[in-house]
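Student: Take this structure, written in structure tokens, and hold onto it; I'll ask about it next.
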Amino acid sequence: MKFEQLSQTVEGMIPDWFKQFVAVGNDLIWSEFLIGLLILAGLYFTFSSNFVQIKWLKQMFDVLGDKAELLPNGKKGISSFQAFAISAAARVGTGNIAGVATAIVLGGPGAVFWMWVIAFFGAATAFYEATLAQVYKVKDADGGFRGGPAYYMQLGLNQRWMGVLFAILISVTFAFVFNTVQSNTIAVAFEESFGVNRLLSGVIIAIISGIVIFGGVRSIAKVTQMIVPIMAIIYIIVVFIILVINYDQVIPMIMKIFNNAFGIKEVFGGAVGMALLNGIKRGLFSNEAGMGSAPNAAATAAVSHPVKQGLIQSLGVYFDTMLVCTSTAIMILLYTDLEYGEGAIQGIQVTQQAMDAQLGGFGPYFIAVAITLFAFSSILGNYYYGQSNIEFITENKIVMLLFRVLVVCMIIIGSVLEVATVWSTADLFMGLMAILNIVAIIGLAHVVNQVAKDYIIQRKQGIDPIFKTDKVKADLTNVSSWGEHRYQEIKSHKAEMNEDNGH
């Protein structure tokens, strides 16, 4: 059976009522409710933290270089940077290349400005959710840590049902639905650029992913730690070269972004609303601040204080939107034949055409390789989010084995599917995830404020902050990974490091 026929067969198995349900649900959640909720939440967290995303920017970079603390079993844990790489692996994917293109085509150049705005406020939201993930993390079977929204919903809010619901939503959305999108994107890119059979691409991706997935979270951390920085740097360098070549168009292009975000013509024409809607929606899909996904990676880090990882994840939002997404936007806006509107070409094809116009025949091949690295790292990050939340529901090894097998199978299936319905379904699930997560963060914001206060006090005393639960006024009765024993382990490890360094 040809791939086109297989795709149509699978697509035909999805009933029309389900597609209609997803469409109505998405319109209700995103257009009528969620975007406003995320903006208000970002404003609330920004003012509650006294603009953490600005005042603590230097500390974000300082903490990024911290070494991992020892785990309770004596092994070296996952460092702040490795946890940052896992979360960036899931965020930095097709959304940065295809999603940005769609936002510009549908919302105009002004959509880029609103992506920046939502990233700024989203950085504060990311700080809160990642700090909570660290506070309420638990030990896993391998001697490391795991956590995320499901864990702080149960341990912080004492709402087990809420945590289970979130765990189901994120496992289905990321480990299954989003991974089919990622494998499909890789398969299509290689089919168009190199003529590689899509099913063959899917099988190869599945085999490589399976090797990493069955190697455990540390295997995922090592792979993403190598892939994410390299692919982002190369991608940004290529865009910088394009900017140098087109240096005389840079300022007009920036003015075009601002004019389309606030211009008089756009106000009366209604284009500002489209720019705002598409910019915010695609910005949120890209950096995921408030969605509740990145905290799952943040919880794995072995740090001496929860706030440190909160700062790391806040920096991750800037990295994703301000660097990677902006790089894509710049390249697309330099494309003189770019068309706007729902009838125009969208997604990855727009980026490929823009790159082809700037670099000639080399462009499509570069995009094919870049999107492969982006999407593969996303597959690994997406899988880990599912694993952490399946373990929240049950630690049965058979269930986990079945989950891993299903993930690998969905990667293969995704390579030959048409993904329009899959994307819409993912939109709906992510919207529900975000609503649950934001409600939980708001309910536990006072905990983050108290923990941050403790961090500031220790910093002012000139010491590297170490978290002790008895120093925080908030009720941390259910916190299990930050007791006196954890404090002594961190203190002992720091002493050993000082001795090794000759201090």
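Numbering (UniProt numbering) for the sequence shown: 1 to 503. Every residue, glycine too, gets a C-beta built ideally from N, C-alpha and C. Bear in mind the structure is a predicted one, so any value in this text is a computation, not a measurement.
(1) Could you have a look at Ala141 and say whether DSSP puts it in helix, strand or coil?
(2) Is Leu43 closer than 8 Å to Phe121 when the C-beta atoms are compared?
(3) Can you look up Ala375 in the DSSP assignment and give me helix, strand or coil?
(4) Which residues in the same chain as Met322 place their Cβ atom closer than 8 Å to its Cβ, once the five residues preceding and following it in sequence are excluded?
(5) Distance, Cα to Cα, Leu315 vs Ser49?
(6) For Ile312 versus Leu64, is the C-beta distance shorter than 8 Å?
(7) Helix, strand or coil: how does DSSP classify Ala301 here?
(8) Cβ of Gly163 within 8 Å of Cβ of Val447?
(9) By the DSSP assignment, the alpha helix (DSSP H) with Ser293 in it spans what residues?
(10) Skipping 5 residues on each side, what residues in its chain have a beta carbon closer than 7 Å to that of Ser293?
(11) Could you please give me the residues that DSSP links to Arg146 through a beta bridge?
(12) Run the CB neighbour count on Leu333, radius 10 Å, all protein chains shown included, and call it buried at 16 or more, exposed below.
(13) By a C-beta neighbour count over all protein chains shown, 10 Å radius and 16 as the cutoff for buried, is Lys55 buried or exposed?
(14) Should Phe127 go down as buried or exposed, given a rule of 16 or more other Cβ atoms within 10 Å for buried?
(15) In angstroms with no decimal places, state the Cα-to-Cα distance between Tyr136 and Gly443.
(16) When you compare only the Cα positions, how much space is there between Lys473 and Ile457?
(17) By the three-class DSSP mapping on this structure, what secondary structure does Lys473 have?
(18) Between the C-alpha atoms of Val250 and Ile29, what's the straight-line distance to the nearest angstrom?
(19) Looking at Ile390 and Phe403, is the spacing between their C-beta atoms short of 8 Å?
(20) Using the Cβ count rule (16 or more neighbours within 10 Å means buried), how would you classify Cys409?
(21) Using alpha carbons as the reference points, say which of Ser193, Gln461, Asn184 and Ser424 lies closest to Ile204.
(22) Helix, strand or coil for Gln461? Go by DSSP, reduced to three states.
(23) Can you name the start and end residues of the alpha helix (DSSP H) that Lys308 belongs to?
(24) CB Ile330 to CB Met433, shorter than 8 Å?
(25) Quick check on Asp16: does DSSP put it in helix, strand or coil?
(26) Smallest Cα separation from Val52: which of Arg146, Phe240, Trp482 and Lys453?
(27) Could you compute how far the alpha carbon of Asp248 sits from the alpha carbon of Met255?
(28) Tell me whether Ser327 sits in a helix, a strand or coil according to DSSP, three-state version.
(29) Given Asn26, which residues of its chain have a CB within under 8 Å of its CB, disregarding the five upstream and five downstream residues?
(30) Let me confirm a value: Ile264 is counted as buried when at least 16 other C-beta atoms fall within 10 Å, else exposed. Which label applies?
(31) Indicate whether His305 and Ile466 have their beta-carbon atoms separated by less than 8 Å.
(32) If we call anything under 8 Å between Cβ atoms a contact, is Ala354 one with Tyr335?
(33) Quick check on Pro295: buried or exposed, where buried means 16 or more other Cβ atoms within 10 Å of its Cβ?
(34) Report the three-state DSSP secondary structure of Gly65 (helix, strand or coil).
(35) My output table needs one value for Val479: the three-state DSSP class, helix, strand or coil.
(36) Is Ser193 helix, strand or coil by DSSP?
Tutor: Looking at the atomic coordinates:
(1) In the structure shown, Ala141 adopts coil according to DSSP, grouped into three states.
(2) Yes.
(3) In this structure, Ala375 counts as helix in the three-state DSSP scheme.
(4) Taken in chain order, the residues that qualify are Trp116 and Ala119.
(5) Cα to Cα, Leu315 sits roughly 15 Å from Ser49.
(6) Yes, the pair counts as a contact, with Cβ atoms nearer than the cut-off.
(7) Residue state, collapsed to three classes: strand.
(8) Their beta carbons are not under 8 Å apart, which means Gly163 does not touch Val447 by this criterion.
(9) According to the DSSP assignment, Ser293 belongs to no alpha helix (DSSP H), since it is labelled neither H nor E.
(10) Here the set comprises Ala90, Ile170, Phe174 and Tyr385.
(11) According to DSSP, which records beta bridges pairwise, Arg146 is partnered with Val138.
(12) Burial call: buried.
(13) The residue in question, Lys55, is exposed, as its Cβ has fewer than 16 Cβ neighbours within 10 Å.
(14) By the neighbour-count rule (16 or more Cβ atoms within 10 Å), Phe127 is buried.
(15) Between Tyr136 and Gly443, the C-alpha separation is close to 14 Å.
(16) Going from the Cα of Lys473 to the Cα of Ile457 covers about 14 Å.
(17) Reduced to three states, the DSSP call for Lys473 is coil.
(18) C-alpha separation (whole angstroms): 37 Å.
(19) Contact flag set, yes.
(20) Under this definition Cys409 is an exposed residue.
(21) Of the listed residues, the one whose Cα sits closest to Ile204 is Asn184.
(22) In this structure, Gln461 counts as coil in the three-state DSSP scheme.
(23) Counting along the chain, the alpha helix (DSSP H) containing Lys308 begins and ends at Pro306 to Tyr318.
(24) No, they are not a contact pair.
(25) Collapsing the DSSP output to three states places Asp16 in a helix.
(26) Nearest option by C-alpha distance: Lys453.
(27) In a straight line, the C-alpha of Asp248 is about 13 Å away from that of Met255.
(28) In this structure, Ser327 counts as helix in the three-state DSSP scheme.
(29) Same-chain partners within the cutoff: Ser424, Asp427, Leu428 and Gly431.
(30) Unreliable positioning characterises Ile264 in this predicted model, as indicated by a pLDDT of 43, which lies under 50. A coordinate reading is not provided.
(31) A distance below 8 Å separates the beta carbons of His305 and Ile466.
(32) When the beta-carbon positions are compared, Ala354 and Tyr335 come within less than 8 Å of each other.
(33) With at least 16 other beta carbons inside 10 angstroms of its own, Pro295 counts as buried.
(34) Collapsing the DSSP output to three states places Gly65 in coil.
(35) Coil, per DSSP.
(36) Here Ser193 sits in helix by DSSP.
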